[in-house]
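Asks: Protein chains in written order, with our numbering: chain A, 1 to 302; chain B, 1001 to 1302. Where is the CB? At the ideal position from N, CA and C, for every residue including glycine.
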């Protein structure tokens, strides 16, 4: 089965204690699409400026991603700059230039409209809603959002959430959206808003998934060196949705495996700058890291 | 096999957003002993004042704990008071009255000296060292410590660590002891100091164990309501060591199971104030929570 992802394509300037990149290809839709492409066909809906060249598109095309839904408009592509603290656990935004992204109004090509899996990356809830109005009875819809929309567009977000199967957000966002500090309570409150499952990303601590059938946790992979956490959350979502779409198995067991697949991709993502860690992975590398997650977490009966 | 634990017995005054207790029985050795007692015989070496009554000793005796190593001296028992923040993730010490603990010089009764498992709870490294000089070739020694000793008695701590098999500390202590922020690097640096295994407690995020044979993680149990985190770390250590001593299985598989057993006991501990959560547990309750940890973490092959 295939996925359509709607979100940002960007040029990122990122400074971490381990180096920097300037205007490297990034954006939620890009990270998501590259990660998901290891498991299933992916179509991107986004907007770019006339500075988005063939070399940028090649990153997606090489991974077999359908770029026909990327709208090109005169002007500059969305740009973002951020600097991470010494321990990579805090991030300061240096600049945000929306550019062509400011007037983004996603239009799905006709042949995208019956895509069974839909991922609404972090954009305005009103735009996420407009995407849902363009798709035909998708099998599964997942959504990401952020504090900015929770604070500024809560009503629109709640309207959209009613049509969403899986919400994928981080712990602070879950707390802000629910008003509950405790994550068990937060997830419960959010599930009342619509999503049957809530997957809470916890950075270096992994993820806790409050699924339709129960709770599942996966740890962050213990890495000696994290280079750049940018895009890890979108990469997790891409690996997760990609694996889910590839199997079509929405059971508790299927969701568990897909969450670990997402964690595997995210662990590769943070080891290198920009998309470097998740381009050109071999299926053996993915299977091997999945096995390392098993070794990290398994234990026998008492 | 049996365990001897050397550490504090205290009366704790604890205030959390969910209530308070005044002068409730606590202390590292107490939490450890009660938790370990579910799996194996436990002997305590500690000091108390003449305010330590039969009702306090009964808490240990009821659990079958050998209290003959608890020295009674004139004066008041160690007292500690602490207040937790709204989210229980920060703690302010309200007062510390060392009282009879100030001149504690642990003396092991002759019949304790050949105990095969030794746990050195958080006391001065010099005292921990003196305990090691009193035991006869123990099979396994584990140790806890804190920032106070890392900052003030580093040389003595390093001397003691050379004779320790397993160090059980929290993430901040691991960082301070090693000088490395990254926990993989921190554990590596600590293992050079002596302990073959380092278990890093991460509070609500569970634990990451850098064992002789590899890395193992266990999540914090997702609880709707945490009442009081006091003693959770010592309870974890007690459940871990108790299970390990009961099986004598120091293999990777044995260590994994023991770490989960420790997490099970710690999850019961934080649900109630003081020792309330870990007194009177049934073996079915422990087995059932262990099963819940399995359900929380297991996933199949990809």
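(1) Are the beta-carbon atoms of residue 140 (chain A) and residue 160 (chain A) separated by less than 8 Å?
(2) Output yes or no for whether 8 Å exceeds the beta carbon distance between residue 1046 (chain B) and residue 1007 (chain B).
(3) Would you check if the distance between the CB atom of residue 1238 (chain B) and the CB atom of residue 1031 (chain B) is smaller than 8 Å?
(4) One question on the structure: do residue 1289 (chain B) and residue 300 (chain A) come within less than 8 Å of each other, judged by their Cβ atoms?
(5) Output needed for residue 158 (chain A): all residues of its chain with C-beta closer than 7 Å, excluding positions within five of it in sequence on either side, in chain order.
(6) Quick check: is the beta carbon of residue 1253 (chain B) nearer than 8 Å to any beta carbon in chain A?
(7) Assign residue 183 (chain A) to one of three DSSP states: helix, strand, or coil.
(8) Count the other CB atoms, across all protein chains shown, that sit within 10 Å of the CB of residue 1072 (chain B); report buried if there are 16 or more and exposed otherwise.
(9) Counting only C-beta atoms, is residue 205 (chain A) closer than 8 Å to chain B at any point?
(10) Nearest-angstrom Cα distance between residue 1259 (chain B) and residue 59 (chain A)?
(11) Can you tell me the Cα-Cα spacing of residue 1080 (chain B) and residue 1029 (chain B), whole angstroms?
(12) At a CB distance below 7 Å, what residues from the segment 1146-1176 of chain B approach chain A? Give them in sequence order.
(13) Is residue 195 (chain A) close to chain B? Criterion is C-beta to C-beta, closer than 8 Å.
(14) List the residues of chain A that residue 1036 (chain B) touches, going by C-beta distances under 8 Å, in chain order.
(15) With 8 Å set as the bound, which would you pick, yes or no: does the beta-carbon of residue 214 (chain A) sit closer than that to a beta-carbon of chain B?
(16) Of the residues that make up the segment 265-294 of chain A, which ones have a beta carbon closer than 7 Å to any beta carbon in chain B?
(17) Rounded to the nearest angstrom, what separates residue 272 (chain A) and residue 228 (chain A) at their Cα positions?
(18) Extract the residue ranges of the alpha helix (DSSP H) inside the segment 175-232 of chain A, only unbroken runs of 4 or more that lie entirely within it.
(19) Are the C-beta of residue 300 (chain A) and some C-beta of chain B separated by less than 8 Å?
(20) Tell me where the beta strand (DSSP E) around residue 120 (chain A) begins and ends.
(21) Could you give the DSSP three-state label for residue 1093 (chain B): helix, strand or coil?
(22) Determine which residues of the segment 1018-1032 of chain B have a Cβ less than 8 Å from any Cβ of chain A, and write them out in chain order.
(23) Could you tell me which chain A residues have their CB closer than 7 Å to the CB of residue 1185 (chain B), listed as they occur along the chain?
(24) Where in the segment 117-146 of chain A do unbroken runs of the beta strand (DSSP E), each at least 3 residues long, occur, reported from the N-terminal end onward?
(25) Please list the partners that residue 1117 (chain B) has in chain A, where partner means a Cβ-to-Cβ separation under 7 Å.
(26) Which bits of chain A does residue 1237 (chain B) rub up against, with CB to CB less than 7 Å?
(27) For the segment 206-225 of chain A against the segment 244-258 of chain A, are there 3 or more C-beta pairs whose distance is under 8 Å?
(28) With respect to the alpha helix (DSSP H) encompassing residue 1288 (chain B), which residues constitute its N-terminal and C-terminal limits?
(29) Keeping to the same chain, check which residues put their C-beta closer than 8 Å to that of residue 1292 (chain B); ignore five residues upstream and five downstream.
(30) Evaluate residue 201 (chain A) with the Cβ neighbour count: other Cβ atoms within 10 Å of its Cβ, from every protein chain shown; 16 or more gives buried, anything less gives exposed.
(31) Buried or exposed: which applies to residue 95 (chain A), given that a residue is buried once 16 or more other Cβ atoms fall within 10 Å of its Cβ?
(32) Using the beta-carbon of each residue, which ones in chain B are nearer than 9 Å to residue 87 (chain A)?
(33) Take residue 164 (chain A) as the anchor and find which of A:54, A:264, A:125, A:242 has the nearest alpha-carbon.
(34) Is it the case that the CB of residue 228 (chain A) approaches a heavy atom of the ligand FAD more closely than 7 Å?
(35) Quick one: does residue 96 (chain A) have its CB under 8 Å from some CB of chain B?
(36) Within 10 angstroms of its Cβ, does residue 43 (chain A) collect 16 or more other Cβ (buried), or is it exposed?
Replies: Looking at the coordinates:
(1) no
(2) A contact, by the Cβ cut-off of 8 Å.
(3) yes
(4) no
(5) 193
(6) Output row for residue 1253 (chain B): interface = yes.
(7) helix
(8) Burial call: exposed.
(9) Between residue 205 (chain A) and chain B, the shortest Cβ-Cβ separation is below 8 Å.
(10) 44 Å
(11) Distance between the alpha carbons of residue 1080 (chain B) and residue 1029 (chain B) is about 14 Å.
(12) none
(13) It does not: the Cβ of residue 195 (chain A) has no partner Cβ on chain B nearer than 8 Å.
(14) The contacting residues do not exist; residue 1036 (chain B) stays about 15 Å from chain A at best.
(15) yes
(16) 287, 290
(17) Here the alpha carbon of residue 272 (chain A) sits roughly 6 Å from the alpha carbon of residue 228 (chain A).
(18) 183-192
(19) Output row for residue 300 (chain A): interface = yes.
(20) 117-120
(21) strand
(22) none
(23) 224
(24) Those beta strand (DSSP E) runs which fall completely within the segment 117-146 of chain A and span 3+ residues are 117-120, 140-143.
(25) Those do not exist, as residue 1117 (chain B) stays about 18 Å from chain A at its closest Cβ, beyond 7 Å.
(26) Here the premise fails: no neighbours, minimum Cβ distance about 18 Å.
(27) yes
(28) 1283-1297
(29) 1221
(30) Its Cβ being crowded by 16 or more others within 10 Å, residue 201 (chain A) is buried.
(31) exposed
(32) 1181, 1182
(33) A:125
(34) This structure simply doesn't include the ligand FAD, nor any ligand for that matter.
(35) Output row for residue 96 (chain A): interface = no.
(36) buried
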